[in-house]
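Comments concern the structure below.
Numbering (this note's numbering), first residue to last: 26 to 371.
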């Protein structure tokens, strides 16, 4: 089954309610560099990977004075992300490269921070602050096994780099290695598929997530992590929220079908639901504040909301979904319906 994405996603500004939430939970701060500041570059050239392939990113250049100001400001932003603004441990860092992506919805800038003492480097991203993406980041932070670090100032969004092997590269270059534990890969994909559907995170094609590989004492462990949150609760088609239906992921889906029996798949789904329930329980007030904002916000079109509530009502065999008026309502009810133990907590 193929999944097609509708026309380019609409951009939704951050509402007053969401802005208040971000302030209350220390996600909002004053930044020395905004997204618009990076748009004033003087030159750009294509950035190629180590194999010489075009990455669809461009390395951008600024005039000397602007470069110096950006170096100070962007290093400060990195300090805000990593040490809450303590610059004393950042004196040996500098901005070694700024890349710009014209592909996709958010047109992000990627900033490479270099350690001049040992040439080690790290990245962070500067993007336009889209409400859908912010809700996606926050739901990932609350409900997934991963903590997410980001900052917002006005219409600018700063995200730390999520390390891992891009899904498409993993499928192509790593999946068939002798050391790859395909049963564990299949298991993790089942859990990832479940996490996406429960919180309605869409568009998890293979290049929108990474695989974090951790060597264990006898084998390897894997975790699938989304890196693109633009399609949080936006599309109307239910299959958009199930990574298993994207043809990019067919190879891993075949692994699941071949290596895991239906009872085992159900076991892994139940394990993930239990873990999500425990995270929800420990952060129930924060999640309630977020969902309350979401229910007052506009992050999709009436047509998509109508389609999704019809499809979820059929999927869950529950007419309650037909009463939902917005995407926030649908996320709230989907959580309640799947995580049966938590009707009083969301």
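Using N, Cα and C, we set each Cβ at its ideal position, and we do this for glycine too.
The alpha helix (DSSP H) runs of length 4 or more contained entirely in the stretch 104-170 are, from start to end of the chain, 156-168.
Secondary structure of residue 285 (DSSP, three-state): coil. With fewer than 16 neighbouring CB atoms inside 10 Å of its own CB, residue 188 falls in the exposed class. With a threshold of 16 other beta carbon atoms within 10 Å, residue 202 falls short and is exposed.
No Cβ-Cβ contact shorter than 8 Å links residue 160 with residue 231.
Taking a cut-off of 8 Å on C-beta distances, the stretch 49-56 touches the stretch 178-194, as three or more cross pairs fall below it.
Around the beta carbon of residue 170, a 10 Å sphere encloses fewer than 16 other beta carbons of the protein chains shown; the residue is thus reported as exposed. Between residue 305 and residue 315, the C-beta spacing is not below 8 Å.
Residue burial annotation: residue 61 is exposed, with fewer than 16 other C-beta atoms found within 10 angstroms of its C-beta. Contact check between the stretch 354-368 and the stretch 214-232: three or more CB pairs, one atom from each, fall below 8 Å, which counts as touching. Nearest C-alpha to residue 76 among 218, 334, 198, 327: 198. Scanning 267, 218, 333, 136 for the CA closest to the CA of residue 260 turns up 333. In the DSSP assignment, residue 355 falls within the unbroken alpha helix (DSSP H) covering 352-363.
When DSSP states are grouped into helix, strand and coil, residue 240 belongs to the strand group. Taking 8 Å as the cut-off, the beta carbon of residue 205 is found no closer than this to the beta carbon of residue 281. In this structure, the CA atom of residue 241 is about 22 Å from the CA atom of residue 300. If you check the CB distance, residue 253 and residue 155 do not come in under 8 Å. Apart from the 5 residues on each side of it in sequence, residue 111 sits with its Cβ closer than 8 Å to the Cβ of 104 in its chain, given in chain order. The DSSP-derived three-state label of residue 71 is strand. Here residue 195 has 236 as same chain residues with Cβ atoms under 7 Å from its own Cβ, once five neighbours each way along the sequence are excluded. In the DSSP annotation of this structure, the continuous segment of the alpha helix (DSSP H) that includes residue 330 starts and ends at 327-341. With a contact defined as Cβ atoms closer than 8 Å, residue 293 and residue 216 qualify at about 6 Å.
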